[in-house]
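Visitor: In terms of my numbering, the sequence shown opens at residue 2 and continues consecutively. This structure is in structure tokens; I'll ask about it shortly.
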Amino acid sequence: MTLSVNSDEHFMKEALKEASLAFKEDEVPVGAVVVCEGKIIARAHNQTEALHDVTAHAEMLAITSASNFLGGKYLENCTIYISLEPCLMCAAALSHARVSKVVWATDDPKMGFSRMEKQVLHPKTTIMQGLMAEESSQLLKTFFQSKRQ
Numbered sequence: 002m003t004l005s006v007n008s009d010e011h012f013m014k015e016a017l018k019e020a021s022l023a024f025k026e027d028e029v030p031v032g033a034v035v036v037c038e039g040k041i042i043a044r045a046h047n048q049t050e051a052l053h054d055v056t057a058h059a060e061m062l063a064i065t066s067a068s069n070f071l072g073g074k075y076l077e078n079c080t081i082y083i084s085l086e087p088c089l090m091c092a093a094a095l096s097h098a099r100v101s102k103v104v105w106a107t108d109d110p111k112m113g114f115s116r117m118e119k120q121v122l123h124p125k126t127t128i129m130q131g132l133m134a135e136e137s138s139q140l141l142k143t144f145f146q147s148k149r150q
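See below:
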């Protein structure tokens, strides 16, 4: 199923809602939703502080939730929308899960996987980046500015 730009924007807005939840919980504001056949089947946000787990990134939690929903480990017909470019760990997990499409809002110049290893995603995975980048970037800037005060 090919999603229109309007659908992509709708789903990214949902990922940004998850990022806002993370912000309210004093977590780095990153959110993700997994979409299959035009429906959200999983949603998550960073919970590394709450779970005391450095692997509790939004993408990792969303992959687990989507896999549980589908009853299998592969997400071959799914798209994940993420408010921030995945780190190398999350990109590798997305590759192993065989996610069909990865869409992120804003690039991560420090920890984004594309700065380190461009070929980490599964070869059949398509990428879309920059969707609603300003909204995501502003949420992150506000969060980190509040931490510096």
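Yeah, the Cβ is synthetic: ideal placement off N, Cα and C, and Gly gets one too.
Hey, V31 and A23: beta-carbon distance below 8 Å or not?
Guide: Numbered from 1 along the sequence shown, position 30 holds the residue referred to as residue 31. Numbered from 1 along the sequence shown, position 22 holds the residue referred to as residue 23. Yes, Cβ-Cβ distance for V31 and A23 is below 8 Å.
Visitor: Beta carbon of A1, beta carbon of E136: below 8 Å?
Guide: The first residue shown for the chain is 2 and the last is 150, placing residue 1 beyond what the model contains.
Visitor: Have a look at Q48 and E38 and give me their C-alpha separation to the nearest angstrom.
Guide: Against the sequence shown, residue 48 aligns to sequence position 47. Against the sequence shown, residue 38 aligns to sequence position 37. Rounded to the nearest angstrom, the two C-alpha atoms are 27 Å apart.
Visitor: Restricting to Cα atoms, I'd like to know which of T126, V103, E50 and A98 is closest to L85.
Guide: Counting from one through the sequence shown, the residue named residue 85 turns up at place 84. Checking every option, the nearest Cα to that of L85 belongs to V103.
Visitor: For C91, report the span of its alpha helix (DSSP H) as first-last.
Guide: Position 90 of the sequence shown holds residue 91. L89 to H97 is the extent of the alpha helix (DSSP H) around C91.
Visitor: Once you ignore the five residues that flank V55 on each side, which residues in its own chain have a CB closer than 8 Å to its CB?
Guide: In the sequence shown, the residue the question calls residue 55 occupies position 54. Once the five neighbours on either side are set aside, the close Cβ partners of V55 are T49.
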